[in-house]
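Asks: Residues 299 to 483, numbered by the working numbering, are exactly what the sequence shown covers, in order. Ideal Cβ positions, reconstructed from N, Cα and C, are used throughout, including at glycine. Supplied in structure tokens, the structure appears directly below.
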Amino acid sequence: MDTMIPSTRTQQLWYLTTLGHEALVRALAPLKLSPPATHDPLVLAGQCLNADPIGHPEAHRAAEQVLAPMHGALTFTATVPDEDDVSEHTGVVPVLERRQAGAVTGWYAELLLFEHSELLNKGAFRLSRMPGDRTWVVDGDFQPSGHAGTLRPFGSRRTGGRRTLLPPFLAELDRLTAQGPRSAA
């Protein structure tokens, strides 16, 4: 299998499109952009990532500000067995920290996943692991368009099915958690 690791630019684009989209829109608010200009996360992320620091300093500055967690991101490679094959993924963890929800403190992580074979954006997730949880729970996941498929607040205990990730990704998050909190924010 030909292994491809996502470029820094690919990682930044996927982060701005998914996990960083709301922060990017907030950072661009002083520009008073029209709603259609900010509606498509992928287009907005691309425009800000390509913004010239001299010609469009506000957009460039907004992208740099939102990308701050990516500068200290942790990475891992995980192999996922499939029916007839295996696939390799790169995981990028920009944020891994302890957070508080009311009187309870748990772990919070942001995770970008890339499949090596085609450098497909496999996923972007906000995850939590609260005391008593046996595994990481998906609080937010993002579709290929960058729009959120699921959004729950950190530490939410809403009823219903709890979604989690595949075991190889969970094992890597547990390994990183054992190393301690990490946040570049």
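What ranges does the alpha helix (DSSP H) occupy inside the segment 322-371, keeping only unbroken runs of at least 4 residues that lie completely in it?
Replies: Counting only runs of 4 or more, we get 333-337, 339-348, 355-364.
Asks: For V323 and H354, what's the separation of their Cα atoms in angstroms?
Replies: On the sequence shown, position 25 is the one that residue 323 refers to. On the sequence shown, position 56 is the one that residue 354 refers to. Roughly 16 Å separates the two Cα atoms.
Asks: To which residues of the same chain is E356 closer than 6 Å at the C-beta, ignoring the five residues directly before and after it?
Replies: Taking the first residue of the sequence shown as 1, we reach residue 356 at position 58. So the qualifying residues of the chain are L329.
Asks: Tell me the DSSP secondary structure of Q310 in three-state form.
Replies: One-based indexing of the sequence shown puts residue 310 at position 12. It is helical.
Asks: Below 8 Å, how does it come out for the segment 426-446 and the segment 314-322: are there three or more Cβ pairs, yes or no?
Replies: With a cut-off of 8 Å, the segment 314-322 and the segment 426-446 count as touching, because enough Cβ pairs lie within range.
Asks: Could you tell me the alpha carbon to alpha carbon distance between P379 and P466, rounded to whole angstroms?
Replies: Position 81 of the sequence shown, counted from the first residue, corresponds to residue 379. Position 168 of the sequence shown, counted from the first residue, corresponds to residue 466. Computed Cα separation, rounded: 9 Å.
Asks: Along the chain, where does the beta strand (DSSP E) containing R397 start, and where does it finish?
Replies: Taking the sequence shown and counting its residues from 1, the one referred to as residue 397 is at position 99. 384-399 is the extent of the beta strand (DSSP E) around R397.
Asks: Secondary structure at E381, three-state DSSP: helix, strand or coil?
Replies: Sequence index remark: in the sequence shown, residue 381 carries index 83 (1-based). E381: coil per DSSP, three-state reduction.
Asks: My parser needs the beta strand (DSSP E) runs of 3 or more residues fully inside the segment 400-449; what are they?
Replies: Qualifying beta strand (DSSP E) stretches, in chain order: 402-413, 418-427, 435-440, 446-449.
Asks: What separation, rounded to the nearest whole angstrom, lies between the Cα atoms of V485 and T306?
Replies: Since the first and last residues shown for the chain are 299 and 483, residue 485 lies out of range.
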